[in-house]
Structures are given as structure tokens and as C-alpha cells.
Amino acid sequence: MRYLKVLLISLLFTGCASTEKKSSDSSQVYAGNLWQHAYVAGIMANYFCAKNRWPQTINELGFYSKKNPTPMDSKINWEHLSKKEVTFKVKSDVYLRTPAKKSEGIMSVRSVHQYPDCKGDSIKVNFHPTMGD
């Protein structure tokens, strides 16, 4: 859990380039936001460490997140992530892609989630986000 907090704090302080309009409540922003992918990465790593497997659907991950709440869960817009235009593929890694909303200046975001390092209550998240196609 310590690594998860370090990841989120690092992302907060390093900042992420985006043309997206700022919102005071990140749960209200479009799911293509890079932050949504970072929050999902934390939940997905937690899921993997608890069950020793990946969730098979984004809805399965959302259900797990709601049953095992963390501060990150309140930041994730599960409704948007469940839309058909969002790609969620599970193989040895998990691939998540949220489409652009060009009319609102929002870029597409892709992320690859690889096996986390699970050591007791410490989880090292291993994901790689990319903005744009």
C-alpha cells in the first residue's frame, strides 16, 4: 500500500500534461483522463494481489473496488469506463484504452498494466500510460 501512495503522490507532484479542462472533482471528469488510468492501476494492482489473477472485465474490477473501498475508488468514474467505446483486454497484461473527446479537447489515453509486486501490505504498481494514439 505504501508504494501505491508513493505512486499517486509522485503523479500529483510531477503533473501530467493534458489539454483537458480542470475540474475540482476528479470523479466528474471524463474517464479518458490520465488520472483515471492511474487510479484504476492502483485498484487493479490491489485486485491482483488479493486474488492472484486479473479481473476479466472492467465491471468486475468496479464491483471489487466498491466492495473493498479505498480513497482512489471515489475518484474513478466507473460509469464512463463501462461504456462500449472503452477497450479493456486481459491477457498476461491488461490493456485499457479510453477514447478522445476532441470536441472537449480531451486526448485518448492507453495504459498497460503488468503484474504488480505484492509483498504483504505493500504493493508496487506496474503500469505504463500513454496519452494520444
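So the sequence shown is numbered by this note's numbering: it starts at 2 and just counts up by one.
Glycine residues also receive a C-beta, built at the ideal position from the N, C-alpha and C atoms.
Residue range 123-132 is occupied by the beta strand (DSSP E) that includes I124. Taking a contact to require three or more Cβ pairs closer than 8 Å, the region 66-86 and the region 35-47 qualify as touching. Inclusion of I107 and A46 in the CB contact set at 7 Å is not warranted, their separation being larger than that value. For K68, the enclosing alpha helix (DSSP H) stretches over residues 59-68. Between I59 and S83, the C-beta spacing is below 7 Å. Sixteen is the threshold: since fewer than 16 other Cβ atoms of the shown chains lie within 10 Å of the Cβ of T88, the residue is exposed. With respect to A51, F128 sits apart: the two C-beta atoms are not nearer than 7 Å. Contact annotation: W55 and V95 have beta-carbon atoms nearer than 7 Å. For C119, the pairing in a beta bridge is given by DSSP as I124. Contact annotation: P117 and F49 have beta-carbon atoms nearer than 7 Å.
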